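*Asks:*
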Amino acid sequence: MAFLEWRRFTFFDIHKNIDSGKIAECLQDTSVSVATSGNNHVVLCDVTGWAHLVSRSWEITSFKAYDLTVTLGQQLPHDPYLVTIGEDEAGVTPLIKVWDWSRVDRHGNPKCVRTSRAVPSHMYPTQATALAVHDNKNLLAVGFQDGSVTLYRGDITRQRSGKMKTLPDTGSSPITGLAFKGADKLFVVSRACVMVCWIGSERCVVLDAMGASPACSVLADGHRLTVATTNAIYCYTTDGRGPCYALEGEKLRLNWFRSYLVITTNETSNKASSSATTPKLNHLTILDIQNKFIVFSKSFEEIDAVLTEWGSFYILTKKKEMIFLDEKDLQSKLSMLFKKNLYDVAIRTASSQHYDIEGLMEIYKQYGDHLYSKGDLKGAIDQYVKTIGWLETSYVIRKYLESRHLEPLVQYLEVLHKKGCATEDHTTLLLTCYVKIDQHDQQGKLKEFINSKDKAIDFDVDVAIKVVRQVSVDDALSLAGNHKRHDWYLKMVIEDKKEFKQALSYIANLEYEDADMFMKKYGHKLIQNEPEESTKLLKLLCTDYKPRDRLLVDENSLSGGFTEPDRSYPDDFIHMFLSNSERLIDFLEHMISVDSKCTILVYNALIEHYIHVWAKSPESDKKTYEQKILTILKDPDANFDRDQILIICQMLGFQAGILHLYEDIKLWRAQVALHLRSGDAERALSVCRKRGAACPRLWLDVLWAPPPPSCLPELLHVAATEKLLSPIQVIDCLASTSNYTLGDVRKYLMDVLKSEDDVITRERDLAAKYKSEIEKMKAQIKVIQYEPVTFQSSRCAACNKLLELPSVHFLCQHSYHQDCFQMYSESEHECPSCVTSAGRNRASMPPPPAAEQLHSRLHADLDPFTVVSEYFGRGLFNKVTVVTETPEQSVTPPGSTLAPAPAVAPVSAPVVAPVAAPVAAPVTLQTYGPGAEAKLRLQEGQSKQVFVPNTAKQVAPQGTSVIPVPEGRMRLLEQQQYASSLEANLTRLLPKVQSSFDSPLPVRKAVARKPQNISTAIANDARNPFDEGYDEAKNPFADEDNNDTNNPFGEDDDYDKNLNPFA
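All the letters of the sequence shown, read from the start, carry residue numbers 4 to 1066 under the working numbering.
1) Please identify the residue among S119, L543, N43 and E533 whose C-alpha is closest to the C-alpha of N512.
2) Using beta-carbon positions only, say whether I530 and A518 come within less than 8 Å of one another.
3) Is it the case that the Cβ atoms of L210 and V197 are separated by a distance below 8 Å?
4) When DSSP labels each residue in this structure, what does E90 get in the three-state scheme?
5) Whole beta strand (DSSP E) runs in the segment 64 to 118 with 3 or more residues, listed along the chain?
6) Any idea which residues DSSP pairs A54 with across the strands?
7) Could you tell me the distance, in whole angstroms, from the CA atom of Y415 to the CA atom of L345?
8) What's the gap between the Cα of F316 and the Cα of W53?
9) Quick check on the burial criterion: 16 or more other C-beta atoms within 10 angstroms. Buried or exposed for R551?
10) So for D552, helix, strand or coil by DSSP?
11) M826 lies in the alpha helix (DSSP H); which residues open and close that run?
12) Taking Cβ to Cβ, would you say I306 is nearer than 8 Å to F299?
13) Roughly how many angstroms separate the alpha carbons of T546 and R570, rounded to a whole number?
14) Can you list, in chain order, the residues of its chain whose CB lies under 6 Å from that of Y155, leaving out five sequence neighbours each side?
15) In three-state DSSP terms, what is L701?
16) What three-state label does DSSP hand R163 in the structure shown?
17) Would you check whether the ligand FMN has a heavy atom nearer than 7 Å to the C-beta of K19?
18) Classify Q674 as buried or exposed, calling it buried when 16 or more other Cβ atoms lie within 10 Å of its own Cβ.
19) Starting from R261, trace the beta strand (DSSP E) both ways and give me its first and last residue.
20) What is the residue span of the alpha helix (DSSP H) that P730 lies within?
21) Within the same chain, show all residues whose beta-carbon is closer than 6 Å to that of A908, passing over the 5 residues directly before and after it, in chain order.
22) Under a Cβ-count criterion, where at least 16 other Cβ atoms within 10 Å of its own Cβ denotes burial, should W707 be classed as buried or exposed?
23) Once you ignore the five residues that flank P896 on each side, which residues in its own chain have a CB closer than 7 Å to its CB?
24) Expressed to the nearest angstrom, what Euclidean distance is found between the alpha-carbon atoms of N988 and E766?
25) Nearest to R59 by alpha carbon, out of S830, K528, S599 and E312?
26) Going by DSSP, name the residue or residues bridged to N269.
27) Can you tell me where the alpha helix (DSSP H) with C652 in it begins and where it stops?
28) Below 6 Å CB to CB, which residues in the same chain sit around A801 once its five sequence neighbours on both sides are set aside?
29) Have a look at T793 and E833 and give me their C-alpha separation to the nearest angstrom.
30) Among D70, D32 and L75, which one has its Cα closest to the Cα of T39?
31) Helix, strand or coil for C238 per DSSP?
32) Between which residues of its own chain and Y665 is the CB-CB distance below 6 Å, once the five residues before and five after are set aside?
33) Leaving out five residues on either side along the sequence, give the residues of the same chain with a beta carbon under 8 Å from the beta carbon of I360.
34) Give the single residue among S681, T724 and K757 whose Cα lies nearest to the Cα of G695.
35) Along the chain, where does the beta strand (DSSP E) containing R586 start, and where does it finish?
36) Mind checking whether G371 and Y387 have CB atoms under 8 Å apart?
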């Protein structure tokens, strides 16, 4: 393709003398031999061996790189390293120098970090003609005049690092260009050919037998080599030659800037060449290879270098003038193209420069409007199609509706559907266009649209069916069938075509979920028109449904797996049969026969429709339905609502069902009342005989009916035996009916009078007996209150030995040694002998329930909340053992008033005064080991056991233990012990705190009475048993006169009390 055929534009503005003459001042009369750029700097080297480093602000740093000249150079694009090849001595091998201009030497010049000789493998001095450095700083290639290429491996910034090797088969023609493609390939351009070398395998392949001049090859886009020859420009990849662009003229150099190819050529002048004053001109052409047009073309005076840096590129002329080519911004380019109506070029330009999508869509819109105004409707629609998703669709549709061109509109609407941007209105419009096109041209667009199954056009099927249905029901059915729109298919078959059998057949081929849903939706109409087929389908749907077109045996069944069958609930279809009881009965009978565990609604509906059919049937068929109803009612597995069925039976007068349900739900009185209303007293009596034991009221219901006289004897006998009514009430009941005579109730009255006479006689005898016993008790109480009691027993009731003091006497005439009493008694308030005999009687009685024990504790305890908390702590719903406690009595402290004993005392009360009794407390003790001190302290703090003085052995109540009393507490209680005389023991302690559960009546103050003389007869001396024969020498804690020298706690003369911090 020739460049002359490409469109030409001017996308660059020229700015001359951009450096204000600084470069010309620096270079003066020398010629530039090397021009390179990178890392935000431009490097210019001249023929005198100087290198000039130019910054963005045009500040120039110059240093002497070589003594003679600099022939080649390359600045790395991302690192401050400059690689140069030049000569320090004439006729000597050229030198490769690597400069790090980020560091300076002692002279202030950039530091040279590496110097090596540029020679091929034969080591003969040869001129270097090409240089290439890889960006990774590990590869460096040098081409020579004799066609050899030397490859240096290793870090180029380090001296004597890496290896040098000459690549084979590179030919003998001078090398004019080198370029790395990645780290494994190297493009080699000579004057005779173009080659690619694989660095790893050191293999060279000739891509083209046509070479190029120096500086006429460049690596474009980082992967494609572009070579300029006299007649054309060629592109190469590693696989071979690519596209070719024809361009005549002598090429001086090639450069690549962004996506532009910059070509510098010699311009041929038409004037005579003899004119020495005519300057030599070079033509600069900038090509946009991607979009295939020329973006800049102009002739300049002889060009020394073309530099690309700082986002732009610059031209250095022979006269050392720096010219800046400023690329126009994208908006300026687009404005220029819009003025020329070059929308296609604008689109390519905007796309290549990554223009934002909204701006690109606006260009497409303007391009479409331009084509539409010129009458190119199809070309315009191609541009409008590209704006789908951004441009409002109504803008395009309105244009083509007005022009009445349906084909472009159909094209637009089809693409709109393919991209998924169509709405219901768009689908409707597209189908309408199809219909109109078919009416005029008979193209069959609608048929093609309906029968297409490749989903080429994504459209709203429901809207399509709705539109096509208005034109052709058959086409709509075909569309619904193709796209599996079962609802639309059934709606059209049932409502439009009235083909109910076809609808049932279609439903039978659906999957279970769809079949269930559509039978619920259309089942009522189907049952009305095809009751038999609909009932069969429902039976199949509610038992084990499988589509008709599916195999009976699937892979899962063959492999032995079990799959739960799909079945619907018959409850959802019962309401559809309300107008056809016979089919409903058939359906429900099938369901019950298949699954006896049907729901209540199924059984209720079946029984209800049985009763309705029974009520409408002739007498000959009623017995059959009655038997069916009673069979279901008597079935223990039948799940029906008895109350609802009872109401239905009462409404329709089904008496057999009423009687059975009355019996089933134990409404025996209603059953008797029904028999009595029917006049069947014998059946009422049979119910009384059967259920009278559980409900005696049945006999009274029959008696108040009133029953016939033949039933009276049995009724009166039961009323008298079970005492259902008093005789006077029976007489009042019978007197209200005039059908009965005295002879019917004679026997009943005689039996009543006789039994009443026996009761009177028995009550009189009991009254006389109780009166005599009361008199005896009064006399005994009087003797106890006002007469002295003489204790004549001389032997202990426990050990049967002679009594010795101290002794304990009870008013029941039992006497004990004090030791025997303390040993055998469980309570100080009761006689052990009497308690034992009473205990046997209590032992034979069952223990009170746990609830009663809880309530008794709540009433007896001063703080009921403590009791409740205790039960919760033990576990309220667990089986617990509750230990009851007597009201706690505390020992009266010194100084408190002792009240005398009351005048009346129980017979079993002991003469000695009771001290606070041991209280049983359910204490849970932690086990710290037997005898551990911690355990003793814990027991002491938690126990409610009270030490009883003057007791040789304490006997703990059941469920508690006697806790050892500390010695200090024992000494304190010994000082408070009571006298052991009978007079002192007759007194008792009164509690200081009155319980909230005490009697509300005021407590009478006890009157002090004079002690009786009997106390002096059994007086007991209160001598201390420890005073007799006590040996003080045996006391380990007694004071000793002698001092132990080994005692660290003994007194010492050196001890100073003032120095003791605890004194």
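Ideal placement from N, C-alpha and C gives every residue a C-beta, glycine not left out. Keep in mind that this is a model prediction, so the values were computed, not measured.
*Replies:* From the atom records:
1) Locating residue 512 in the sequence shown gives position 509, counting from the first residue. The residue with the shortest Cα to Cα distance from N512 is L543.
2) Taking the sequence shown and counting its residues from 1, the one referred to as residue 530 is at position 527. Taking the sequence shown and counting its residues from 1, the one referred to as residue 518 is at position 515. Cβ atoms of I530 and A518: not closer than 8 Å.
3) Taking the sequence shown and counting its residues from 1, one reaches residue 210 at position 207. Taking the sequence shown and counting its residues from 1, one reaches residue 197 at position 194. Yes, they are a contact pair.
4) Numbered from 1 along the sequence shown, position 87 holds the residue referred to as residue 90. Note: E90 maps to strand in three-state DSSP.
5) 72 to 78, 84 to 90 and 98 to 107
6) Taking the sequence shown and counting its residues from 1, the one referred to as residue 54 is at position 51. DSSP output for A54 lists C48 and F66 as bridge partner(s).
7) As a first step, residue 415 is located in the sequence shown; it is residue number 412 there, counting from the start. As a first step, residue 345 is located in the sequence shown; it is residue number 342 there, counting from the start. Approximately 24 Å, taken between the alpha carbons.
8) Against the sequence shown, residue 316 aligns to sequence position 313. Against the sequence shown, residue 53 aligns to sequence position 50. When rounded, the distance between both Cα atoms is 23 Å.
9) As a working mapping, residue 551 is identified with position 548 in the sequence shown. Label assigned to R551: exposed.
10) Mapped onto the sequence shown, residue 552 falls at position 549. Coil.
11) Position 823 of the sequence shown, counted from the start, is the residue given in the question as residue 826. Residues Q821 to Y827.
12) Start at 1 with the first residue of the sequence shown, and residue 306 comes out as number 303. Start at 1 with the first residue of the sequence shown, and residue 299 comes out as number 296. It is not a contact, given that the beta carbons lie outside the stated cut-off.
13) The sequence position of residue 546 within the sequence shown is 543, counting from 1. The sequence position of residue 570 within the sequence shown is 567, counting from 1. About 5 Å.
14) Along the sequence shown, one-based indexing puts residue 155 at 152. So the qualifying residues of the chain are L143, G165 and M167.
15) The count along the sequence shown starts at 1 and reaches residue 701 at position 698. It is helical.
16) Counting from one through the sequence shown, the residue named residue 163 turns up at place 160. If DSSP states are grouped into helix, strand and coil, R163 belongs with coil.
17) Inclusion of the ligand FMN in the displayed structure is not the case, the ligand content being empty and no account of it being possible.
18) Taking the first residue of the sequence shown as position 1, residue 674 is located at position 671. So Q674 ends up on the buried side.
19) For the purposes of this step, residue 261 is taken as the residue at position 258 of the sequence shown. Where R261 is concerned, there is no enclosing beta strand (DSSP E), given that its DSSP letter is neither H nor E.
20) As a working note, residue 730 is residue 727 in the sequence shown. Its alpha helix (DSSP H) spans residues P730 to A738.
21) Here residue 908 is taken as the residue at index 905 of the sequence shown, counted from 1. Interpretation of A908 is limited by its pLDDT of 35, a score under 50 that renders its predicted location unreliable; no figure is taken from the coordinates.
22) The residue labelled residue 707 in the question sits at position 704 within the sequence shown. Looking at its Cβ environment, which holds fewer than 16 other Cβ atoms inside 10 Å, W707 is exposed.
23) As a first step, residue 896 is located in the sequence shown; it is residue number 893 there, counting from the start. Since pLDDT at P896 reaches only 39, below the 50 mark, its modelled position is unreliable, and the value read off the structure follows with that caveat. If we look at P896 and ignore the five residues flanking it on each side, it has no Cβ neighbours.
24) If you number the sequence shown from 1, residue 988 lands on position 985. If you number the sequence shown from 1, residue 766 lands on position 763. Any reading at N988 needs caution, since the residue's pLDDT is 40, under 50, leaving its predicted position unreliable; the model's value is listed next. Going from the Cα of N988 to the Cα of E766 covers about 47 Å.
25) Residue 59 sits at position 56 when you count from the first residue of the sequence shown. Closest option to R59, Cα to Cα, is E312.
26) On the sequence shown, residue 269 is found 266 positions in, with the first residue counted as 1. For N269, which the question treats as bridged, DSSP gives the partners N285.
27) As a working note, residue 652 is residue 649 in the sequence shown. Segment R645 to L655, the alpha helix (DSSP H) holding C652.
28) In the sequence shown, residue 801 corresponds to position 798, counting from 1. If we look at A801 and ignore the five residues flanking it on each side, its Cβ neighbours are Y819, C823 and Y827.
29) The residue you call residue 793 lines up with position 790 of the sequence shown. The residue you call residue 833 lines up with position 830 of the sequence shown. Going by the C-alpha atoms only, they are around 19 Å apart.
30) If you number the sequence shown from 1, residue 39 lands on position 36. Among D70, D32 and L75, the Cα nearest to that of T39 belongs to L75.
31) Here residue 238 refers to the residue found at position 235 of the sequence shown. Three-state result, C238: strand.
32) Walking along the sequence shown from the start, residue 665 turns up at place 662. A673 and Q674.
33) Here the question's residue 360 lines up with position 357 in the sequence shown. Contacts found: W393.
34) Position 692 of the sequence shown, counting from 1, holds the residue named residue 695. With distances taken between Cα atoms, G695 lies closest to T724.
35) Indexing the sequence shown from 1 puts residue 586 at position 583. Looking at the DSSP string, R586 is not in any beta strand (DSSP E); the run it does join, the alpha helix (DSSP H), is S584 to V597.
36) Against the sequence shown, residue 371 aligns to sequence position 368. Against the sequence shown, residue 387 aligns to sequence position 384. Cβ atoms of G371 and Y387: closer than 8 Å.
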